[in-house]
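Some notes on the structure that comes next.
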Amino acid sequence: MDKEYRANRNETFLKDLFSYFLIIFISIIISTAAYFISVQIIQDEIDKAHYNSLNQVKRIVDDRLSEVSKLFLQMGLDQRIQIAMNYGASLKPGEIFNLAQIQKDLLKYKLTNPIIKEIYIYFSNNEIILYDNGKIPLDALDKAQLSSNPILTRQWLGGKEAGFIPYKDNNLQNEIVFMESLPSPRKKSMSGKLIVVFDEKIINPLIEGLKWIDENEILIVDKYNRAFLFGEKYDSFGLIREENFDNLTSTNNKEYVTSHVSSNITKWKYISVIPRHIYFGRVQQVKSVIYVSLFLCLLFGGVVAYFFAYRNYKPMNKLIQFIRSDIKHSYTREENEYDFIKNVLEKVFKEKEVINVQISKQRDKLRNQFMTKMVKGKLHFDGVEEMLVLYDIQISNDNFYVVMVFFDISNLLFENGEDDDMDNLDMANFIVQNIAEELVNEKFRGFYLQDDDYSICLVDIGKEDLHGSERDIKAIVQQIKKFTQEKFGISLSVAISQYEKGFSGISQAYKEAVEVMEYHILMGRSEVLSYSDLQRYNNTIHHNHLLHDEHQFINFVLVMDYDNAKRVFNTIIQEWFINDMPSLQLAKCRMYSLINSLIIALKELKKSYGEEFIENVQLIDSLLQCESLSELKHEIVEMMERIELYFKRDDPYKREEIHKKVMSYIKEHYSVQELNVSKIADEFQIDVPYLSKSFKKGTGIGPLKFLQMIRIDKAKELLVNTNTNIGDISTEVGYISTVSFTRVFKQYEGITPGAYRNIMK
Numbered sequence: 001m002d003k004e005y006r007a008n009r010n011e012t013f014l015k016d017l018f019s020y021f022l023i024i025f026i027s028i029i030i031s032t033a034a035y036f037i038s039v040q041i042i043q044d045e046i047d048k049a050h051y052n053s054l055n056q057v058k059r060i061v062d063d064r065l066s067e068v069s070k071l072f073l074q075m076g077l078d079q080r081i082q083i084a085m086n087y088g089a090s091l092k093p094g095e096i097f098n099l100a101q102i103q104k105d106l107l108k109y110k111l112t113n114p115i116i117k118e119i120y121i122y123f124s125n126n127e128i129i130l131y132d133n134g135k136i137p138l139d140a141l142d143k144a145q146l147s148s149n150p151i152l153t154r155q156w157l158g159g160k161e162a163g164f165i166p167y168k169d170n171n172l173q174n175e176i177v178f179m180e181s182l183p184s185p186r187k188k189s190m191s192g193k194l195i196v197v198f199d200e201k202i203i204n205p206l207i208e209g210l211k212w213i214d215e216n217e218i219l220i221v222d223k224y225n226r227a228f229l230f231g232e233k234y235d236s237f238g239l240i241r242e243e244n245f246d247n248l249t250s251t252n253n254k255e256y257v258t259s260h261v262s263s264n265i266t267k268w269k270y271i272s273v274i275p276r277h278i279y280f281g282r283v284q285q286v287k288s289v290i291y292v293s294l295f296l297c298l299l300f301g302g303v304v305a306y307f308f309a310y311r312n313y314k315p316m317n318k319l320i321q322f323i324r325s326d327i328k329h330s331y332t333r334e335e336n337e338y339d340f341i342k343n344v345l346e347k348v349f350k351e352k353e354v355i356n357v358q359i360s361k362q363r364d365k366l367r368n369q370f371m372t373k374m375v376k377g378k379l380h381f382d383g384v385e386e387m388l389v390l391y392d393i394q395i396s397n398d399n400f401y402v403v404m405v406f407f408d409i410s411n412l413l414f415e416n417g418e419d420d421d422m423d424n425l426d427m428a429n430f431i432v433q434n435i436a437e438e439l440v441n442e443k444f445r446g447f448y449l450q451d452d453d454y455s456i457c458l459v460d461i462g463k464e465d466l467h468g469s470e471r472d473i474k475a476i477v478q479q480i481k482k483f484t485q486e487k488f489g490i491s492l493s494v495a496i497s498q499y500e501k502g503f504s505g506i507s508q509a510y511k512e513a514v515e516v517m518e519y520h521i522l523m524g525r526s527e528v529l530s531y532s533d534l535q536r537y538n539n540t541i542h543h544n545h546l547l548h549d550e551h552q553f554i555n556f557v558l559v560m561d562y563d564n565a566k567r568v569f570n571t572i573i574q575e576w577f578i579n580d581m582p583s584l585q586l587a588k589c590r591m592y593s594l595i596n597s598l599i600i601a602l603k604e605l606k607k608s609y610g611e612e613f614i615e616n617v618q619l620i621d622s623l624l625q626c627e628s629l630s631e632l633k634h635e636i637v638e639m640m641e642r643i644e645l646y647f648k649r650d651d652p653y654k655r656e657e658i659h660k661k662v663m664s665y666i667k668e669h670y671s672v673q674e675l676n677v678s679k680i681a682d683e684f685q686i687d688v689p690y691l692s693k694s695f696k697k698g699t700g701i702g703p704l705k706f707l708q709m710i711r712i713d714k715a716k717e718l719l720v721n722t723n724t725n726i727g728d729i730s731t732e733v734g735y736i737s738t739v740s741f742t743r744v745f746k747q748y749e750g751i752t753p754g755a756y757r758n759i760m761k
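FYI, the numbering for the sequence shown is 1 to 761, going by full-length UniProt numbering.
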């Protein structure tokens with residue numbers, strides 16, 4: 001058990017710990033997403049700065065190149081230069097002067113444009129190169145030792161190469177030269193060419209000043225992807241020849257980030273080259289910080305999660321230990337701490353509910369007992385008010401009625417399949433109580449009580465109209481009677497007392513209701529009758545007429561004219577008891593008088609037919625046991641049938657042996673769940689009261705009790721000799737529900753079926 005507890009405890013603790021880690025994990029996911037977004041933002045800003053720097057280089061260099069292009073257009077339209085392009089090999093003084101003026105202009109252009117290092121004009125007619133310091137024949141160029149000598153050759157000057165051209169001077173320094181033929185309106189062939197050499201010392205500082213980081217290198221490549229201006233070391237890596245200008249490029253096992261823009265003036269490209277570790281340096285710093293923070297979050301978050309999970313689990317563990325030690329509830333393999341606490345609480349709440357129900361039942365019983373004693377006048381009224389407060393009974397000390405109810409449950413419409421009169425009576429009582437309390441309390445204050453013999457409703461009318469209150473109570477009772485009869489098949493006989501004053505008058509009202517109810521039972525009526533109605537009945541005795549009917553009935557019995565005897569008997573019942581409406585005492589006298597006359601007639605038959613006749617038909621005992629008019633009527637009609645049957649000699653001992661056949665029938669069919677006294681009576685074609693009395697006279701017990709005893713005996717055999725569960729046993733012996741079986745079994749054996757099985761085994 002402890003191993004299971006520890007295993008389940010670890011499972012619960014790990015679940016709690018996992019919950020905390022899940023929270024940390026979600027936070028890390030959010031932080032990681034924020035990290036990627038931040039890195040992307042930083043990357044975008046770096047790219048933007050990178051391209052802005054490169055565009056500034058492009059704009060500055062393009063502006064300088066644009067100035068040279070404008071200079072070319074200006075010089076191409078210069079009149080002196082146009083004239084000089086037509087000079088011959090030998091120069092005249094005026095022509096020499098013109099060339100001197102052009103030379104001054106070249107010096108002016110050079111001085112006004114710092115980017116221009118050298119400026120030359122080549123005249124092809126006389127093969128003279130003119131520059132700011134003089135003129136040189138093409139043949140004497142080698143002796144001039146000009147720095148730009150490599151470009152000033154017949155091949156270059158006579159070639160078709162034009163535009164901005166990168167090259168190396170005599171000192172192997174990168175140079176940029178602009179070479180373009182000057183337009184000549186008179187000749188279609190070239191007569192002159194402008195050569196401008198750029199000063200790299202001016203361009204380089206401008207480009208260096210635009211680098212956004214020191215490690216940034218700017219390359220310029222021509223349309224043939226030839227690098228000049230800082231491009232040699234990268235060109236040796238193959239970077240430029242591959243035209244891979246916008247990708248992360250690895251050269252000589254080194255990684256670089258490159259980007260480029262194209263010139264708007266020439267077909268050049270401006271390329272920016274940055275080592276990868278420099279370019280992504282800031283990003284790498286952010287990444288490093290994020291990685292460290294994530295690691296610290298996992299480390300410290302895990303420690304904190306474990307700490308809080310343990311701290312939160314500790315009180316629960318103490319609670320579990322307390323429950324296990326005091327409540328004695330053990331773990332199951334499927335339970336963890338939460339399930340364990342839930343199951344324990346459910347068990348405690350159920351036990352509390354059972355205790356509350358028991359307390360409520362006991363309180364209701366004590367309350368009912370107190371009210372019953374008060375109604376019957378068995379209390380000392382000095383302490384009544386304190387007891388009313390104790391039982392929370394809100395009742396006045398004014399005027400009261402006592403309404404007494406008797407149930408006829410022979411025609412119940414319950415569909416529970418049970419044949420237990422006590423259960424049916426309890427159910428009927430419960431139904432009537434709820435309906436009565438609801439209807440009575442709409443106008444008055446009603447208190448419903450259960451007595452051994454009858455059900456009682458004490459109606460507190462307060463200070464209502466005393467003359468109209470009885471009418472209202474009768475109307476309410478009629479509603480109850482009609483509703484219960486139609487909906488549930490419960491037939492009610494209701495007796496209502498007169499109103500009485502104060503607590504002391506309640507017992508008098510009870511006696512009045514009892515007297516009315518006795519009259520009900522005696523007359524066999526099922527109606528609503530009050531004590532005032534009973535007092536108003538006419539009790540006049542029509543003696544001569546009644547004696548005549550009685551003598552006529554006896555005579556018909558003696559002569560065995562049973563049809564006329566039945567007719568006269570029905571007339572007696574109608575005239576003596578129904579139409580005449582006698583008082584309770586008079587009705588009893590008339591009933592006993594009729595019984596006495598019948599006994600006298602039977603004694604006359606005894607003289608004629610002997611003692612055997614009286615014993616066989618069992619007439620006198622049946623008559624003496626009658627307690628109501630309905631029973632007397634039933635017994636007299638049956639008596640005449642018995643006498644008639646006896647004299648017809650149709651098995652004179654049949655009635656005597658009926659209980660034996662019923663016993664055999666019950667033993668054979670006890671397992672049928674629908675079997676009850678009514679079914680048995682139908683099987684033998686006799687009525688239920690006669691069956692019950694005949695069976696009880698022959699066996700000493702009623703047929704229902706005998707059926708239950710047979711079922712219980714069979715159930716005891718199955719409980720001892722088989723392992724069948726109690727539910728199946730209850731069905732096998734004829735009970736629909738286990739609850740009914742258990743209740744009846746405990747009634748006869750004093751213990752439950754399960755306890756009986758344990759004891760016997």
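We put the beta carbon where it would ideally sit given N, CA and C, even for glycine.
For residue i, which residues does DSSP report across the bridge?
| i | result |
| --- | --- |
| T258 | V273 |
| S493 | F406 |
| V637 | In DSSP, V637 forms no bridge with anything. |
| R445 | D460 |
| Q450 | S455 |
| N399 | K501 |
| K193 | Y122, S181 |
| K135 | L130 |
| S530 | I496 |
Are residue i and residue j close, meaning C-beta to C-beta below 8 Å?
| i | j | result |
| --- | --- | --- |
| N133 | A89 | no |
| L99 | L54 | no |
| I274 | Y291 | no |
| I395 | D472 | no |
| I666 | I710 | yes |
| L106 | I119 | yes |
| Y448 | E438 | no |
| I218 | V57 | yes |
Rounded to the nearest angstrom, what separates residue i and residue j at their Cα positions?
| i | j | result |
| --- | --- | --- |
| K92 | I176 | 35 Å |
| L239 | A49 | Only weak support exists for where L239 lies, its pLDDT of 45 falling under 50; the coordinates are left without a value. |
| E486 | R367 | 31 Å |
| Q685 | D533 | 41 Å |
| I24 | D16 | 13 Å |
| S507 | L379 | 10 Å |
| E732 | G702 | 23 Å |
| D682 | L691 | 10 Å |
| R276 | H260 | 16 Å |
| F745 | L704 | 14 Å |
| R59 | S288 | 37 Å |
| H542 | A495 | The pLDDT assigned to H542 is 46, lower than 50, so where the model puts this residue is not dependable; a value taken from the coordinates is nonetheless given after this. The straight-line gap from Cα to Cα measures roughly 27 Å. |
| F340 | F18 | 20 Å |
| N616 | R642 | Reliability fails at N616, whose pLDDT of 47 lies under 50, so the model's placement of it is uncertain and no value is given. |
| R80 | L71 | 15 Å |
| V348 | I323 | 11 Å |
| K654 | I456 | At K654 the pLDDT is 49, less than 50, meaning the model places this residue with poor confidence and gives no usable figure here. |
Our contact map puts residue i next to residue j with C-beta atoms below 8 Å; I'd like the distance itself, whole angstroms only.
| i | j | result |
| --- | --- | --- |
| F503 | M374 | 7 Å |
| residue 763 | V516 | Nothing can be reported for residue 763, as the shown portion of the chain is limited to 1 through 761. |
| L294 | S31 | 7 Å |
| Y670 | L707 | 6 Å |
| Y109 | I115 | About 11 Å; that fails the 8 Å criterion. |
| V432 | T484 | 6 Å |
| S124 | S191 | 6 Å |
| M316 | L458 | Rounded, the Cβ-Cβ distance is 55 Å, inconsistent with contact. |
| S76 | P166 | Before going further, note that residue 76 is Gly rather than Ser in the sequence given. 23 Å between Cβ atoms; not a contact. |
Quick check: is the beta carbon of residue i nearer than 8 Å to any beta carbon in chain B?
| i | result |
| --- | --- |
| E518 | Here chain B cannot be found, since the structure has a single protein chain. |
Handout entry: Entirely enclosed alpha helix (DSSP H) segments - the region 278 to 355, minimum 4 residues
Key = 281 to 326
Exercise for the section: Could I get the ranges of all uninterrupted alpha helix (DSSP H) runs contained in the region 665 to 750, with 4 residues as the minimum, in chain order? Expected result: 677 to 683, 688 to 699, 703 to 721, 726 to 732, 738 to 749
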